[in-house]
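A.B. asks: Let me give you the structure first, and then I'll get to my questions.
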Amino acid sequence: MKIENTQVQMRKGILEYCVLKIISRGEVYASDMLEELTSAKIMVVEGTLYPLLTRLRKAGLVDYKWIESKSGPPRKYYTITEVGTEFLKGLDSTWKQLVTSTKKISAQRTS
Numbered sequence: 001m002k003i004e005n006t007q008v009q010m011r012k013g014i015l016e017y018c019v020l021k022i023i024s025r026g027e028v029y030a031s032d033m034l035e036e037l038t039s040a041k042i043m044v045v046e047g048t049l050y051p052l053l054t055r056l057r058k059a060g061l062v063d064y065k066w067i068e069s070k071s072g073p074p075r076k077y078y079t080i081t082e083v084g085t086e087f088l089k090g091l092d093s094t095w096k097q098l099v100t101s102t103k104k105i106s107a108q109r110t111s
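Below is the structure:
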């Protein structure tokens with residue numbers, strides 16, 4: 001078993017949460033999201049982000065609008081919807097529980 005495979009699966013598991021967290025801060029362009037996710041070592045494959053954004057939009061969690069660019073074609077900027085904000089609150093709660101649980105497990109002594 002390769003550790004890299006497990007690490008990839010762990011990152012995939014929190015990707016949706018991280019994307020919603022980024023979008024919740026305000027309008028954001030997909031390439032800016034990609035840059036932040038890559039620098040945080042959450043995602044390194046560009047082809048993963050766009051299908052996820054499409055799924056989030058179809059689920060009503062995010063929306064987008066086209067904004068004219070001074071340096072090229074219009075850009076699609078994403079925002080979180082009210083439904084997405086409520087969904088993210090649930091994910092925030094789950095994340096806090098997971099962090100607490102993993103810290104508790106990590107702190108356990110083996111006998």
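For the sequence shown, the UniProt record's numbering begins at 1 and goes up steadily by one.
Ideal Cβ positions, reconstructed from N, Cα and C, are used throughout, including at glycine.
Fair warning: this is a prediction, and the values are worked out from it, not measured in the lab.
Which word fits Val-62, buried or exposed, when buried means at least 16 other C-beta atoms lie within 10 angstroms of its C-beta?
C.D. replies: It counts as buried.
A.B. asks: Nearest to Glu-46 by CA position, among Leu-56, Val-83, Met-33 and Gln-7, is which residue?
C.D. replies: Looking at the Cα atoms, Met-33 is the closest of the given residues.
A.B. asks: When the Cα of Leu-52 is compared with those of Ile-14, Lys-89 and Glu-27, which residue comes out closest?
C.D. replies: Ranking Ile-14, Lys-89 and Glu-27 by Cα distance to Leu-52 puts Ile-14 first.
A.B. asks: Please specify which runs of the alpha helix (DSSP H), each continuous and at least 4 residues long, are wholly inside the stretch 22-57, giving them in chain order.
C.D. replies: Segments of the alpha helix (DSSP H) lying fully in the stretch 22-57: 30-39.
A.B. asks: Using the Cα positions of Lys-70 and Tyr-29, report the straight-line distance between them to the nearest angstrom.
C.D. replies: So the two alpha carbons sit approximately 14 Å from each other.
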